[in-house]
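For the sequence shown, the working numbering begins at 241 and goes up steadily by one.
For every residue, glycine included, the Cβ atom is placed at its ideal position computed from N, Cα and C.
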Amino acid sequence: MSTTFLILTSFTATALPAMLVKSIVGYLVAFGVGLVVYLAISKLFYSRILASRDREPARYWVALQWISTGFLWSQWLVQDLANIFAYLPRQLDMSMLIFALVVMLALHAYLFYRRGGAIQGIVTSKTNTQDIRSATLIDFAYALILIFFKELSNVPMSTTWVFLGLLAGREIGLVLMLKVTSLNQAGRTAASDMAKALAGLIVSIAVAFAMPYLAAYTGGFTHDHAHPVTVSPD
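Pasting the structure below:
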């Protein structure tokens, strides 16, 4: 389930069409990038990764993994912090900022403890994604795509959809070049992932549009009183 659709639509329902269009474009662009990149590198580079996946990678891959992960997290936070801080006042004092950061760090620590939880199965079901070299390449590609869309416009988007598009393009590229599985299987997996994302979108929209009625029933705020969220993700 995309937190972007779930949270921001709850605050500003009119932003949904623009977010949806940008997220669909994000999926398609990421799919294309994943396909082209892995078509280009599969024979010369990725086949070596698959052939040596039972051996310990060179130690410099550890440093590259840390760098790529930090790079990706920075770009992901630029995109998704708007989803969290939509709940907070536009001007934060130091105590509120510290409280928000502590809560977010604690929740992320729990996710790390759970090793990503059930949703991690989507990632690990793909070809050789647990190899540190594969993960490094995915992180770099994902972060660069997020930078592109951050500069493209200030409209929030679903980073979940971008990630699913990148994984789908990658998997099909590997299938076409290295025959790691059948093309039908790769297509079914991509379709299954997208179906789950669409189901999450439907639930998100339903929850978001139910919020004003719940707020009115409980005497809370409606969309008209919500903080604006069409701000730069910076």
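Element boundaries [alpha helix (DSSP H), containing residue i]
| i | result |
| --- | --- |
| L246 | Unbroken run through L246: none, as it is neither H nor E. |
| M344 | 334-353 |
| K262 | 256-281 |
| I359 | That residue, I359, is in no alpha helix (DSSP H); it is neither H nor E in DSSP. |
| A322 | 300-325 |
| N424 | 423-458 |
| L284 | Premise fails: L284 is in no alpha helix (DSSP H) and is neither H nor E. |
| M417 | 399-418 |
| T367 | Here T367 belongs to no alpha helix (DSSP H), and DSSP marks it neither H nor E. |
Own chain, CB closer than 7 angstroms to residue i, minus 5 neighbours either side, in chain order
| i | result |
| --- | --- |
| L404 | Y267, D433, M434, A437 |
| T462 | Confidence at T462 is low in this model, with a pLDDT of 47, below 50, so its placement is unreliable and the value that follows should be read with caution. For T462, where only same-chain residues beyond five positions count, the Cβ hits under 7 angstroms are P452, A455, A456. |
| L275 | G409, I412, G413 |
| T364 | Q370 |
| L279 | G413, L416, M417 |
Inter-residue CB distance, residue i and residue j (contact presumed, cutoff 8 angstroms)
| i | j | result |
| --- | --- | --- |
| D379 | L312 | 4 angstroms |
| D371 | I281 | The pair is not a contact, with the Cβ atoms about 14 angstroms apart (cut-off 8 angstroms). |
| T376 | L304 | 5 angstroms |
| S287 | L418 | 6 angstroms |
| A383 | Q315 | 5 angstroms |
| V273 | A446 | At roughly 32 angstroms, the Cβ-Cβ gap does not stay under 8 angstroms, so V273 and A446 are not in contact. |
| M344 | I324 | 7 angstroms |
Cβ-based neighbour list, residue i, same chain, cut-off 6 angstroms, excluding 5 preceding and 5 following
| i | result |
| --- | --- |
| A270 | I385, V402, G405, L406 |
| V302 | none |
| F449 | none |
| T478 | Lying outside 241 to 474, the shown extent of the chain, residue 478 is not represented and no answer is given. |
| K366 | L407, E411 |
Cβ shell of residue i (< 8 angstroms), same chain only, five flanking positions each side left out
| i | result |
| --- | --- |
| M259 | T244, F245, L248, T249, V395, P396, M397, S398 |
| L423 | I412, V415, L416 |
Is the number of C-beta pairs between the segment 289-296 and the segment 424-433 that are closer than 8 angstroms three or more? no
Would the segment 349-356 count as touching the segment 382-396 if we require 3 or more Cβ pairs under 8 angstroms? no
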